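Numbering (my numbering), first residue to last: 228 to 436. Even for Gly, the Cβ is constructed at its ideal location relative to N, Cα and C. Owing to the predicted nature of the structure, the values given are computational and were not obtained by experimental measurement. First the structure, in the form of structure tokens, and then the observations on it.
In structure tokens, the structure reads:
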């Protein structure tokens with residue numbers, strides 16, 4: 228690993244995250260109040276995710292869905308539970324702001340592969356598993372190249388490309404392009420659903436190709 232990847236990246240994260248957390252605290256406070264009013268409590272959605280070297284941590288986000296369930300007590304589909312307010316939260320990326328706490332704790336970085344579900348771990352091939360050789364990020368190369376509108380295989384390819392070419396210049400470029408992507412509200416939904424479809428593994432033919 229380069230000096231930046233091993234030591235400088237953490238300094239870079241803290242130098243940007245500490246002032247950002249202070250400046251954005253009023254925004255996070257207002258968002259928390261709106262979430263409580265529109266969607267109820269708790270205002271934070273927490274979930275276990277695999278991070279650096281696949282170590283499990285608890286990630287924080289503002290909740291963007293209701294807890295509506297069917298007659299059997301099962302949660303309704305995402306498309307039903309994702310309200311118009313929740314869609315606005317996601318399109319503005321305000322739901323991601325609590326992840327600044329994960330950065331301060333050292334679980335995440337500003338830039339890196341997005342932390343995905345724990346149940347995906349057994350499904351990665353050897354190449355895709357490289358995405359866990361760095362801390363996960365709030366944004367990454369995949370997020371500025373299509374976000375939820377690209378395939379899982381394309382996402383993982385961007386993730387590995389980032390891991391193999393970490394630099395402070397690349398981190399700054401990704402952060403700058405992320406701001407533009409958020410303002411344009413690009414790639415929030417996949418082509419087929421309100422959220423990204425579940426990853427079920429890469430077909431063997433694609434993995435070889």
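According to the DSSP assignment, residue 361 belongs to no beta strand (DSSP E), since it is labelled neither H nor E. The three-state secondary structure of residue 335, taken from DSSP, is coil. Assignment of beta-bridge partners to residue 284 by DSSP yields 276.
Per DSSP, residue 255 has no beta bridge partner at all. Across the structure, residue 386 and residue 262 are spaced so that their CA atoms are roughly 31 angstroms apart. The beta carbon of residue 325 lies closer than 8 angstroms to those of 255, 271, 287, 288 and 289 in the same chain, with the five residues before and after it left out. Taking C-beta separations shorter than 8 angstroms and ignoring five residues to either side along the sequence, the partners of residue 269 in its chain run 290, following chain order.
By the criterion of a C-beta distance shorter than 7 angstroms, residue 388 is surrounded in its chain by 368, once the five residues flanking it on both sides are discounted.
By the neighbour-count criterion, in which a residue is buried when 16 or more other Cβ atoms sit within 10 angstroms of its Cβ, residue 337 is buried. Residue 362 counts as buried, since no fewer than 16 other beta carbons sit within 10 angstroms of its beta carbon. Residue 426: not part of any alpha helix (DSSP H); DSSP gives it neither H nor E. In summary, residue 257 is exposed, with fewer than 16 beta-carbon neighbours lying within 10 Å of its beta-carbon over all protein chains present.
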